[in-house]
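Taken in order, these protein sequences are the chains called B and E. Okay, so the first sequence: first residue is 16 according to our numbering, each after it adds one. Okay, so the second sequence: first residue is 16 according to our numbering, each after it adds one. Yeah, the Cβ is synthetic: ideal placement off N, Cα and C, and Gly gets one too. As C-alpha cells, the structure follows; a few thoughts come after it.
There are 2 protein chains.
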Amino acid sequence: MAANKNPRSQEPNDDLPLVYVHRQTSFGLPLKDRLVNHFRLVDPCDCDSTHKPIDTSLSNSVRALVVIGYTPLTSETLSFLPSLELVVGSSAGLDKVDLQECHRRGIVVTNASLAFSEDAADYAMALLLDVLRRISAAERYIRGRMWPVKGDYRLGSKLRGKRAGIVGLGAIGSEVAKRLMAFGCTIAYNSRKKKPSVLFPFYSTVCDLAANSDILIITCSLTPKTRHIVNKDVMTALGSEGLIINVGRGALIDQEELVQFLMRGNIYGAGLDVFENEPHVPEELFALENVVLSPHRAVLTPESLEAVQELIFTNLKAFFSNEPLRSVVHIE
Amino acid sequence: MAANKNPRSQEPNDDLPLVYVHRQTSFGLPLKDRLVNHFRLVDPCDCDSTHKPIDTSLSNSVRALVVIGYTPLTSETLSFLPSLELVVGSSAGLDKVDLQECHRRGIVVTNASLAFSEDAADYAMALLLDVLRRISAAERYIRGRMWPVKGDYRLGSKLRGKRAGIVGLGAIGSEVAKRLMAFGCTIAYNSRKKKPSVLFPFYSTVCDLAANSDILIITCSLTPKTRHIVNKDVMTALGSEGLIINVGRGALIDQEELVQFLMRGNIYGAGLDVFENEPHVPEELFALENVVLSPHRAVLTPESLEAVQELIFTNLKAFFSNEPLRSVVHIE
C-alpha cells in the first residue's frame with residue numbers, strides 16, 4: 016500500500032538503489048530532495064499504523080533503511096524486509112531500534128553520534144558549569160528581583176582540579192573529555208571494555224568510577240544492560256559533593272532514586288537533559304535549586320541537524336559503493 | 016585614631032614590616048590570622064568615615080597597603096601615606112583604585128586576576144554556552160511546566176566554528192582562549208597593544224574585532240579609556256547574529272545601548288555577569304529570553320577566595336624580601 020503515497024515513488028528510477036525510509040508521520044524528511052537524486056525512496060510515512068509497510072516485491076529487495084528521529088524499529092517491521100543489510104540511524108542513541116534483532120540477522124547499524132557529538136559535549140559542559148557555579152539558579156534569583164533585596168547569591172564551586180568520570184567513552188564522551196582537559200579536570204572512564212588507545216584510567220564498574228570521581232557525566236547509550244546503570248549504590252559512592260550530568264537517556268539513571276538524593280542533598284547537584292518519561296519531569300525537581308533541567312536539547316542545533324543529514328547521505332552512498340561506513344554501532 | 020581600634024595593632028611587633036589594610040567595614044579580613052604572624056597590620060577598618068586613617072607616625076612609615084574587595088582607594092587616602100610603594104589589590108578589576116595617582120607616584124599595584132582567572136574563564140564559557148544553547152531559557156520553560164504543553168523548545172546554535180573575539184587578553188582572557196580552542200572556536204583579540212608572544216590575530220580596535228567575530232568576550236579591566244569600549248558602533252559591527260559575554264565590569268559596555276540592541280534582536284544575545292549600577296539590573300532585561308543575567312559571581316568560588324589570599328600573602332612577602340611580584344598591573 017503505502018509506497019504509493021509518495022508521489023516520487025510512483026515514478027521510480029529503477030536504476031537507483033532502493034532506500035526504505037522508516038519514520039513516524041511527525042518526523043519530516045528534510046533531506047528528501049537530496050536523497051531522491053541518488054536513491055529510489057520507499058517512504059510509507061506511517062509506521063504507526065501498518066505492520067506490512069510496503070508491497071512484497073519492493074520489501075523483498077530493500078537492502079538499506081533509514082530510521083528518522085526516534086521512530087521505533089521493531090523486529091516485526093524488520094521481518095518484512097528479508098534482504099535488509101543496513102540500518103542508518105539519525106539519532107545518537109538507538110534505544111528504540113531492536114539492535115539485538117539486527118545483530119542476530121547480521122544487519123549493520125550506524126548511528127548519528129558523530130554528527131551530534133560536539134553539540135552534545137558542549138551541552139554537557141554547559142550543564143556541568145551551570146550546576147557547579149549555580150548559574151540558572153542565580154538567574155532566577157536576579158529575575159526574581161532578589162539581588163538588591165537579599166544581597167550576594169551564594170557561591171558555587173570551582174571546576175579546576177575536579178575528578179570527572181565519563182560513563183561511555185564513545186564519540187560524545189571523547190569530545191567531553193577533550194573539553195574537560197581544557198578546564199583542568201582529571202578524567203577517568205567506564206565503558207563496556209577498556210579502550211587500548213585511551214590513556215585515561217579505566218574503571219570496570221560505574222560504582223568504582225563514581226567512588227573515584229567528583230563528577231559523573233553520562234554519555235553512554237541506553238540498552239537493556241545500561242538501564243539504571245546509575246543506581247542508588249553509584250550515587251552513594253559518588254557522595255554528597257558529587258555531581259551527575261546526563262546527556263544520554265533518562266533511563267540510564269534510576270530517576271526515582273536521583274530525586275531522593277537531590278532532595279536530601281545527598282549529592283551536590285545534577286544537570287539533566289533527559290528524563291525517564293519525557294516530556295514529563297518529576298514534580299519534586301521543580302522546587303530544587305541544585306538541579307538544572309533541560310528539555311532533551313543536548314544534541315540539537317540547526318548545524319548538527321545539517322551534519323546528520325550529511326552523515327546519512329554519506330553512509331548510504333558508501334554502502335552502495337562498498338566503501339567503509341562511518342559511525343557503526345557495535346552490538347554485543 | 017583608627018589604628019587603635021584593632022586590638023592586635025595595640026601590641027605591635029615592631030620588627031615586622033608594616034602593612035596597611037584598606038577596607039570598608041563590610042569586607043572582612045579572612046587571612047588576618049595568617050598575616051599577623053608575618054606583618055604588623057594597621058587596620059583602621061572604617062575607610063568610609065575617615066580621611067586621615069591612622070596617626071602620622073605610622074602613616075609616614077607605611078610602604079605596603081592591601082585593598083580588600085572593592086573598597087575605593089582615592090588619591091586623598093593615598094596622600095596620607097607618603098612612603099607607600101606597593102598597593103596589593105584583592106580583586107581582579109581595580110577600577111575603584113586611583114591607578115593614575117599610583118602611577119604618578121611610582122607606586123606598584125598588583126591585582127588578583129591570577130587567582131581569579133580560571134574561575135572567571137569558566138564562568139565566561141558557561142555564560143557563552145548558556146546564551147548560545149538557550150539553557151537558562153529552556154530551564155524556565157521546563158520549570159514553567161511548558162514542555163508537555165507546548166512541545167519542543169526552540170533550538171540554540173552550535174559553538175564549534177564560531178569566531179570568538181576576546182577584548183583584553185590578560186590572565187582571564189588567556190584562560191578563556193584556552194577553553195575556546197577545545198570547543199573548536201577560532202580566536203582573535205584586542206588589547207592595548209599587540210602581544211608579540213601571541214599567535215591569535217590582533218585587531219587594534221574593538222570595532223574591527225567585532226566586525227570579524229561572532230562572539231565578543233569582554234575580560235579587560237575598566238579604566239577611563241575602556242569605559243563604554245563596547246558601544247553602539249561595536250554592537251552594529253558585531254551584527255544581529257553576534258553574542259556579547261561580559262565578565263569584566265558593567266561600564267565596559269554602554270548598557271543603555273545594549274538593552275536596545277537586545278530588545279530589538281539586533282544581536283543574538285548576551286551573557287552578563289556585571290552591570291553598570293549593581294545590584295540594579297535594567298528592568299527591560301527581565302522580560303528578555305536572549306540574555307543570561309548573573310549577579311557578579313564570575314570570579315568567586317571558595318577556592319578562588321583561598322587562592323587570592325595566598326596571592327596577597329605571597330606578594331607581601333615578596334615585596335619585603337625584594338623578590339619579584341606576581342600579577343603586577345601595567346598602568347598607562
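### Task
Work out the CA separation of H311/E and S319/E for me, nearest whole Å.
Residue numbering aside, residue 319/E sits at position 304 when the second sequence is read from its first letter. Residue numbering aside, residue 311/E sits at position 296 when the second sequence is read from its first letter. One C-alpha to the other measures close to 14 Å.
### Task
Could you run through the segment 120–145 of chain E and flag, in chain order, every residue whose CB is less than 7 Å away from some CB of chain B?
E133, D134, D137, Y138, M140, A141, L144, D145
### Query
Which same chain residues, not among the five before or five after K209/B, have their C-beta less than 6 Å away from its C-beta?
Here residue 209/B corresponds to residue number 194 of the first sequence, with the count starting at 1. Only F217 meet the Cβ criterion.
### Message
Per the DSSP calculation, I346/B is bridged to which residue(s)?
### Response
In the first sequence, residue 346/B corresponds to position 331, counting from 1. In the DSSP output, where bridge partners are listed per residue, I346/B has none listed.
#### Entry: Cβ pair G263/E, T234/E closer than 9 Å
For the purposes of this step, residue 263/E is identified with residue 248 of the second sequence, where counting begins at 1. For the purposes of this step, residue 234/E is identified with residue 219 of the second sequence, where counting begins at 1. Taking 9 Å as the Cβ cut-off, G263/E and T234/E qualify as a contacting pair.
### Task
Thinking S105/B and V289/B are a contact (beta carbons under 8 Å), I'd like their distance in whole angstroms, please.
Residue 105/B sits at position 90 when you count from the first residue of the first sequence. Residue 289/B sits at position 274 when you count from the first residue of the first sequence. Contact doesn't hold; Cβ gap of about 17 Å is too wide.
### DSSP three-state assignment for H243/E, whether helix, strand or coil
Within the second sequence, the letter at position 228 stands for residue 243/E. H243/E falls in the coil class under three-state DSSP.
### Query
Counting only runs that start and end within the segment 25–51 of chain B, where is the beta strand (DSSP E) found for 3 or more residues in a row?
33–37
### Query
With a CB to CB cut of under 6 Å and the five nearest residues on each side skipped, what residues in its chain are close to A226/E?
To locate residue 226/E, count along the second sequence from 1; it is residue 211. Around A226/E: A252.
### Query
Which residues, in order along the segment 99–123 of chain B, keep a beta-carbon less than 7 Å from a beta-carbon of chain E?
none
### Local Cβ density within 10 Å of P45/E, reported as buried at 16 or more and exposed below that
In the second sequence, residue 45/E corresponds to position 30, counting from 1. With fewer than 16 Cβ atoms within 10 Å of its Cβ, P45/E is classed as exposed.
### Message
Measuring only the C-alpha atoms, how far is E272/E from R160/B?
### Response
Position 257 of the second sequence, counting from 1, holds the residue named residue 272/E. Position 145 of the first sequence, counting from 1, holds the residue named residue 160/B. Between E272/E and R160/B, the C-alpha separation is close to 22 Å.
### Message
Residues of the segment 177–203 of chain B in Cβ contact with chain E at a cutoff of 9 Å, in chain order, please.
### Response
Listed in sequence order: K193, R194, L195, M196, A197, F198, G199.
### Task
Determine which residues of the segment 314–328 of chain E have a Cβ less than 7 Å from any Cβ of chain B, and write them out in chain order.
L315, T316, P317, E318, S319
### Query
Who are L231/B's beta bridge partners in DSSP?
What you label residue 231/B is simply residue 216 of the first sequence in a count that begins at 1. The partner list for L231/B (beta bridge, DSSP) reads G180/B, I259/B.
### For S128/B and G185/B, believed in contact at Cβ under 8 Å, the rounded distance
The residue you call residue 185/B lines up with position 170 of the first sequence. The residue you call residue 128/B lines up with position 113 of the first sequence. Right, their Cβ atoms sit about 6 Å apart.
### Task
State buried or exposed for T71/E, treating a residue as buried only when at least 16 other CB atoms are found within 10 Å of its CB.
Here residue 71/E corresponds to residue number 56 of the second sequence, with the count starting at 1. Exposed: under 16 other Cβ atoms inside 10 Å.
### Query
Are the segment 298–312 of chain E and the segment 266–284 of chain E touching by the rule of at least three beta carbon pairs closer than 8 Å?
yes
#### Entry: Chain-ordered residues of the segment 281–305 of chain B with a beta carbon less than 7 Å from chain E
P294, H295, V296, F301
### Query
Ends of the alpha helix (DSSP H) at L73/B?
Residue numbering aside, residue 73/B sits at position 58 when the first sequence is read from its first letter. Looking at the DSSP string, the run of the alpha helix (DSSP H) that includes L73/B is 71–74.
### Query
Is the beta carbon of L231/E sitting closer than 9 Å to the one on G265/E?
Here residue 231/E corresponds to residue number 216 of the second sequence, with the count starting at 1. Here residue 265/E corresponds to residue number 250 of the second sequence, with the count starting at 1. Going by C-beta atoms, L231/E is not nearer than 9 Å to G265/E.
### Query
So with Cβ pairs under 9 Å, would you call S151/E a contact of chain B?
In the second sequence, the residue the question calls residue 151/E occupies position 136. Yes, contact with chain B.
### Query
How far does the beta strand (DSSP E) with L80/E in it reach, from first residue to last?
Counting from 1 along the second sequence, the entry for residue 80/E is found at position 65. Counting along the chain, the beta strand (DSSP E) containing L80/E begins and ends at 79–82.
### Message
Using the three-state DSSP reduction, which class does G188/E fall into: helix, strand or coil?
### Response
Numbered from 1 along the second sequence, position 173 holds the residue referred to as residue 188/E. In the structure shown, G188/E sits in a helix (DSSP, three-state: H, G or I).
### Uninterrupted alpha helix (DSSP H) stretches inside the segment 144–173 of chain E (no shorter than 4 residues)
150–158, 162–165
### Task
Compare the C-beta of E91/B against all C-beta atoms of chain E and say whether one is closer than 9 Å.
Here residue 91/B refers to the residue found at position 76 of the first sequence. Not one chain E Cβ lies under 9 Å of E91/B.
### Query
Cβ of P310/B less than 9 Å from any chain D Cβ?
The structure shown has no chain D; the protein chains it does contain are B and E.
### Task
Just the C-alpha distance for G254/B and I282/B, rounded to the nearest angstrom, thanks.
Stepping through the first sequence from its first residue, residue 254/B is reached at position 239. Stepping through the first sequence from its first residue, residue 282/B is reached at position 267. Taking the straight line joining both Cα atoms gives about 6 Å.
### Query
Which residues mark the beginning and the end of the alpha helix (DSSP H) in which G221/E is found?
For this step, residue 221/E is matched to residue 206 along the second sequence. Reading off the sequence shown, one finds Val at residue 221/E, where the question assumed Gly. Per DSSP, the continuous alpha helix (DSSP H) segment holding V221/E begins and ends at 221–226.
### Query
What's the C-alpha gap between Y156/B and D145/B?
Locating residue 156/B in the first sequence gives position 141, counting from the first residue. Locating residue 145/B in the first sequence gives position 130, counting from the first residue. C-alpha separation (whole angstroms): 14 Å.
### Message
Using only the alpha-carbon positions, how far apart do F335/B and L315/B sit?
### Response
Taking the first sequence and counting its residues from 1, one reaches residue 335/B at position 320. Taking the first sequence and counting its residues from 1, one reaches residue 315/B at position 300. F335/B and L315/B have their alpha carbons spaced roughly 28 Å apart.
### Query
Are the C-beta atoms of L88/E and some chain B residue less than 9 Å apart?
Translated into positions along the second sequence, residue 88/E becomes position 73. No, because no Cβ of chain B sits closer than 9 Å to the Cβ of L88/E.
### Query
So which residues of chain E does S172/B contact, with C-beta pairs closer than 9 Å?
Here residue 172/B refers to the residue found at position 157 when the first sequence is read from its first residue. Result: T316, P317, E318.
### Message
Please report the distance separating the alpha-carbon of K240/B from that of V249/B.
### Response
By 1-based counting over the first sequence, the position of residue 240/B is 225. By 1-based counting over the first sequence, the position of residue 249/B is 234. So the alpha carbons of these two residues sit roughly 15 Å apart.
### Proximity test, R149/E beta-carbon vs the ligand ZN heavy atom, cut-off 8 Å
The ligand ZN is absent from the structure shown, which contains no ligand whatsoever.
### Query
Less than 9 Å separating the beta-carbons of A141/E and I187/E?
Residue 141/E sits at position 126 when you count from the first residue of the second sequence. Residue 187/E sits at position 172 when you count from the first residue of the second sequence. Result no, Cβ atoms of A141/E and I187/E do not sit closer than 9 Å.
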